[in-house]
Amino acid sequence: MKKALALALLALLSSVANAEYRHVNMTVFGMDCAPCAHAIHVSMKGIKGVDTVNVDLNTGLVTISLVPGNTAGMHQFEEAVEKNGFTHKDTTVIVRGKLTGTATAPVLEVVGTSDHYSLTPSAQQPDLTALIGKLVEVNGLLPAAAKGKLPDLLRYKSITEAQ
Amino acid sequence: MKIILALACASALASPALAAGHGPVFGYATPVNSQGEFSFDTGLIGRHGSQGTALTESSQLGYGITPHITVTAVVPFTFGKASLPETRMAGGGEWSSSVAWRFQHSVTSVGRRIESTASLGLVVPGPQQDSGILASLHRAPGVAATLASGLASRSQYLWFGGGYTRFVEAHTDRRPDTISWSGIYGYRPPGLRRDVNHWDYRGFAELTGEHTGRVRSNGVLLPDSETTSLWLGPSILAILKDVAIEGGIQAPLYRDVSASSYGRESIRFAINFSYLKYSSHAY
Chain P
1 MKKALALALL
11 ALLSSVANAE
21 YRHVNMTVFG
31 MDCAPCAHAI
41 HVSMKGIKGV
51 DTVNVDLNTG
61 LVTISLVPGN
71 TAGMHQFEEA
81 VEKNGFTHKD
91 TTVIVRGKLT
101 GTATAPVLEV
111 VGTSDHYSLT
121 PSAQQPDLTA
131 LIGKLVEVNG
141 LLPAAAKGKL
151 PDLLRYKSIT
161 EAQ
Chain U
164 MKIILALACA
174 SALASPALAA
184 GHGPVFGYAT
194 PVNSQGEFSF
204 DTGLIGRHGS
214 QGTALTESSQ
224 LGYGITPHIT
234 VTAVVPFTFG
244 KASLPETRMA
254 GGGEWSSSVA
264 WRFQHSVTSV
274 GRRIESTASL
284 GLVVPGPQQD
294 SGILASLHRA
304 PGVAATLASG
314 LASRSQYLWF
324 GGGYTRFVEA
334 HTDRRPDTIS
344 WSGIYGYRPP
354 GLRRDVNHWD
364 YRGFAELTGE
374 HTGRVRSNGV
384 LLPDSETTSL
394 WLGPSILAIL
404 KDVAIEGGIQ
414 APLYRDVSAS
424 SYGRESIRFA
434 INFSYLKYSS
444 HAY
């Protein structure tokens, strides 16, 4: 009976939505050869929570998917690029976090990391009033920031309440 | 970090040309290791001339301290006997290591970068004796510096580089100063611009040159010991993820070398194996 309760509790907890990066697609400049791509692959796989990594040398696109419940931060992805001597440019993400701020100046807090972004729509501004204070899933673009700095703006294409 | 860098500089020795998995096999190039990356190279460099064949089996260990600073150590083993000029680009028996600093790094687009790398260090005599007119010299350490600059891209590579080595005098003997230079063009055909799971091939045309000064023996500068030569040849580099194999061959374009002192060097060849151990350390 206790075992069944524990399992039920575990199942309930696992179904609760987490704040986390789900997918990170970075454009990386400077990779010319297979060892470059392999170095990025190894570095990204070394980040706890990373599930799969794909590196396309011809487009410079590094596609990362992460496991549920991860606490990986954006600075880890950027440092993985920089330590190999390359430069990261724009990054598209699918990320879950708590929507704070106001409907006109929303902020996404990726709970479990220190990452937070001011949100701005890439197209028409939707009404976010109903989502403030809730866990949301955002699909958007992080413009490249200065070296060593994290972007503070997330241009979102879509924002929905996390299920 | 400053202390580590200072120690690295203090112990730095200049390395001969070894590919380290990214560049040409004879000439100078700009790539350095990633931060935390170990590179292991082992290769065979040969020189053949009218007065014999000299072979150098050279092993190199490199480590990336930062994304732009790499230290290397080289332990060679020589065999064969030949009377050939001093070289810093085609083997030799000196134990060495170097610190290389990629001081300029401009990443301009996907798959393309322009960069410059300098290295500085010392060269110390190995336990094996030279052959030819260098064999009778008392040997002493030297200092060496190199500079390379160029472009790396998915399709083409272009590097220019030069180096200078000067040895200390020992018991009124001194090995010749060496000035070396290289120009490298590399090309990867469109059909070979594949993903990381396939072998990555590229071909290089390697033009190298060396000028060695006069040999000082018993306080006397030996006549006809000064040399200048220019070499050209192809090399091919193949890489799969973290292993690389490279081979190349060169023939002389120009030789201003005393045949009585050194004979006629007619061919240089090299083969190199690399293993690159990347760091998965996450911050």
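So the protein sequences, as listed, match chains P and U.
The first sequence begins at 1 in the working numbering and counts up one residue at a time.
The second sequence begins at 164 in the working numbering and counts up one residue at a time.
All residues carry an ideal CB built from backbone N, CA and C; glycine is no exception.
All values reported here derive from a predicted model rather than from experimental measurement.
Please return the same chain residues whose Cβ sits closer than 7 Å to the Cβ of Gly206 of chain U, not counting the five positions on each side in sequence. In the second sequence, the residue the question calls residue 206 of chain U occupies position 43. These residues qualify, in order along the chain: Leu181, Ser221, Ala433, Ile434, Asn435 and Phe436.
Just tell me which of U:Ser345, U:Ala263 and U:Ile402 has its CA closest to the CA of Leu395 of chain U. Taking the first residue of the second sequence as 1, we reach residue 395 of chain U at position 232. It is U:Ser345.
Straight-line gap, Asp336 of chain U to Ala80 of chain P (C-alpha atoms, nearest Å): Position 173 of the second sequence, counting from 1, holds the residue named residue 336 of chain U. Position 80 of the first sequence, counting from 1, holds the residue named residue 80 of chain P. Approximately 50 Å, taken between the alpha carbons.
Of all the options P:Ala162, P:Lys157, P:Leu154 and P:Gly85, which has the alpha carbon lying nearest to the alpha carbon of Arg275 of chain U? Within the second sequence, numbered from 1, the residue matching residue 275 of chain U stands at position 112. Measuring from the Cα of Arg275 of chain U, the nearest candidate turns out to be P:Gly85.
Quick one: give me the first and last residue of the alpha helix (DSSP H) that Pro191 of chain P is part of. The requested residue 191 of chain P does not occur in the structure, where chain P is confined to residues 1 to 163.
Would you say Val42 of chain P faces chain U, with C-beta separation under 7 Å as the test? Residue numbering aside, residue 42 of chain P sits at position 42 when the first sequence is read from its first letter. By this cut-off, Val42 of chain P is an interface position.
So, are the CB atoms of Ile94 of chain P and Asn139 of chain P less than 7 Å apart? Within the first sequence, the letter at position 94 stands for residue 94 of chain P. Within the first sequence, the letter at position 139 stands for residue 139 of chain P. For Ile94 of chain P and Asn139 of chain P, yes; Cβs fall inside 7 Å.
Sufficient close CB pairs (3 or more, under 8 Å) joining the segment 246 to 256 of chain U to the segment 416 to 433 of chain U: yes
Would you mind sorting Thr193 of chain U into buried or exposed? The rule is 16 or more other CB atoms within 10 Å of its CB. Translated into the one-based positions of the second sequence, residue 193 of chain U becomes position 30. Buried, because 16 or more other Cβ atoms sit within 10 Å of the Cβ of Thr193 of chain U.
Tell me whether Leu153 of chain P is buried or exposed, calling it buried when 16 or more other Cβ atoms sit within 10 Å of its Cβ. By one-based count along the first sequence, residue 153 of chain P stands at place 153. Answer is exposed; the Cβ neighbour count stays below 16.
Would you mind reading off the limits of the alpha helix (DSSP H) that contains Lys75 of chain P? Residue 75 of chain P sits at position 75 when you count from the first residue of the first sequence. Residue identity check: residue 75 of chain P is His in the sequence provided, not Lys. Run containing His75 of chain P: Met74 to Glu82, per the alpha helix (DSSP H) assignment.
Assuming Gly411 of chain U contacts Val188 of chain U (C-beta within less than 8 Å), just tell me the rounded distance between them. Working through the second sequence from its first residue, we reach residue 411 of chain U at position 248. Working through the second sequence from its first residue, we reach residue 188 of chain U at position 25. The pair is a contact, with the Cβ atoms about 4 Å apart (cut-off 8 Å).
Are there three or more Cβ pairs, one per stretch, closer than 8 Å when the segment 284 to 296 of chain U is compared with the segment 317 to 327 of chain U? Touching, no, given that fewer than three Cβ pairs across the two stretches are closer than 8 Å.
Entirely within the segment 398 to 427 of chain U and at least 3 residues each: give me those beta strand (DSSP E) ranges in chain order. 406 to 419
Would you mind stating whether Gly97 of chain P and Val110 of chain P have Cβ atoms separated by less than 7 Å? By one-based count along the first sequence, residue 97 of chain P stands at place 97. By one-based count along the first sequence, residue 110 of chain P stands at place 110. Closer than 7 Å, so yes.
Anything in the segment 415 to 443 of chain U with a Cβ closer than 8 Å to a Cβ of chain P? List those residues in chain order, please. Leu439, Tyr441, Ser442 and Ser443
Name the chain U residues that come within less than 9 Å of Leu57 of chain P, Cβ to Cβ? The count along the first sequence starts at 1 and reaches residue 57 of chain P at position 57. Those within 9 Å of Leu57 of chain P in chain U are Val273, Gly274, Arg317, Arg356, Arg357, Asp358, Val359 and Asp363.
Leaving out five residues on either side along the sequence, give the residues of the same chain with a beta carbon under 7 Å from the beta carbon of Ser316 of chain U. Mapped onto the second sequence, residue 316 of chain U falls at position 153. So the list reads Gly274 and Arg275, once near-sequence residues are dropped.
Cβ of Asp127 of chain P within 6 Å of any heavy atom in the ligand MG? Among the ligands in the structure shown, none appear at all, so the ligand MG cannot be discussed.
Just checking: is the beta-carbon of Ser449 of chain U within a distance shorter than 7 Å of some beta-carbon in chain P? This structure does not reach residue 449 of chain U, given that chain U is present from 164 up to 446, and the question cannot be answered.
Find the nearest neighbour of Ala269 of chain U within the set P:Ala19, P:Phe29 and P:Asn25, judged by alpha-carbon distance. Here residue 269 of chain U corresponds to residue number 106 of the second sequence, with the count starting at 1. Looking at the sequence provided, one finds Ser at residue 269 of chain U rather than Ala. Comparing Cα-Cα distances from Ser269 of chain U to each of P:Ala19, P:Phe29 and P:Asn25, the minimum goes to P:Phe29.
Residues bridged to Met26 of chain P (per DSSP): Locating residue 26 of chain P in the first sequence gives position 26, where the first residue counts as 1. Looking at the DSSP assignment, Met26 of chain P forms a beta bridge with P:Val62 and P:Thr91.
Which of the three DSSP states, helix, strand or coil, is assigned to Thr167 of chain P? In this structure chain P extends from 1 to 163, so residue 167 of chain P is not present and cannot be described.
Range covered by the beta strand (DSSP E) that runs through Ser343 of chain U: Along the second sequence, read from residue 1 onward, the residue named residue 343 of chain U stands at position 180. Thr341 to Tyr350 is the extent of the beta strand (DSSP E) around Ser343 of chain U.
When the Cα atoms are used, what is the spatial distance from Ser213 of chain U to Ile430 of chain U? Counting from 1 along the second sequence, the entry for residue 213 of chain U is found at position 50. Counting from 1 along the second sequence, the entry for residue 430 of chain U is found at position 267. Approximately 10 Å between the Cα atoms of the pair.
Work out the CA separation of Gly225 of chain U and Phe201 of chain U for me, nearest whole Å. Within the second sequence, residue 201 of chain U is the residue found at index 38, counting from 1. Within the second sequence, residue 225 of chain U is the residue found at index 62, counting from 1. Their Cα atoms are separated by approximately 6 Å.
Just tell me which of U:Gly255, U:Gln319 and U:Val420 has its CA closest to the CA of Arg356 of chain U. In the second sequence, residue 356 of chain U corresponds to position 193, counting from 1. The option with the nearest alpha carbon to Arg356 of chain U is U:Gln319.
Roughly how many whole angstroms lie between the Cα atoms of Trp264 of chain U and Gly49 of chain P? Position 101 of the second sequence holds residue 264 of chain U. Position 49 of the first sequence holds residue 49 of chain P. Each residue's alpha carbon lies about 33 Å from the other.
If contact means a Cβ-Cβ distance below 9 Å, which residues of the segment 218 to 250 of chain U contact chain P? Residues of the segment 218 to 250 of chain U with a Cβ closer than 9 Å to any Cβ of chain P, in chain order: Gly227, Thr229, Pro230 and His231.
CB contact below 7 Å: Asp204 of chain U versus chain P: Within the second sequence, the letter at position 41 stands for residue 204 of chain U. False, the Cβ-Cβ gap to chain P never drops below 7 Å.
Unbroken beta strand (DSSP E) run spanning Ser269 of chain U, endpoints: To locate residue 269 of chain U, count along the second sequence from 1; it is residue 106. Per DSSP, the unbroken beta strand (DSSP E) holding Ser269 of chain U starts and ends at Trp258 to Ser272.
Taking three-plus beta-carbon pairs below 8 Å as touching, is the segment 70 to 80 of chain P in contact with the segment 127 to 138 of chain P? no
Among the candidates P:Pro143, P:Pro121 and P:Ala130, whose CA atom is the shortest distance from the CA of Ser158 of chain P? Counting from one through the first sequence, the residue named residue 158 of chain P turns up at place 158. Comparing Cα positions, the closest option is P:Pro121.
For Val286 of chain U and Ala37 of chain P, the rounded distance between their alpha carbons: Numbered from 1 along the first sequence, position 37 holds the residue referred to as residue 37 of chain P. Numbered from 1 along the second sequence, position 123 holds the residue referred to as residue 286 of chain U. Ala37 of chain P and Val286 of chain U have their C-alpha atoms some 34 Å from each other.
Residues of chain P with a CB under 8 Å from the CB of Ile408 of chain U: which are they? In the second sequence, counting from the first residue as 1, residue 408 of chain U sits at position 245. Neighbours of Ile408 of chain U on chain P: none; closest Cβ ~13 Å, over 8 Å.
Spatial neighbours of Ala105 of chain P in its chain, beta-carbon cut-off 8 Å, leaving aside the 5 residues before and after: Locating residue 105 of chain P in the first sequence gives position 105, where the first residue counts as 1. Ser118.
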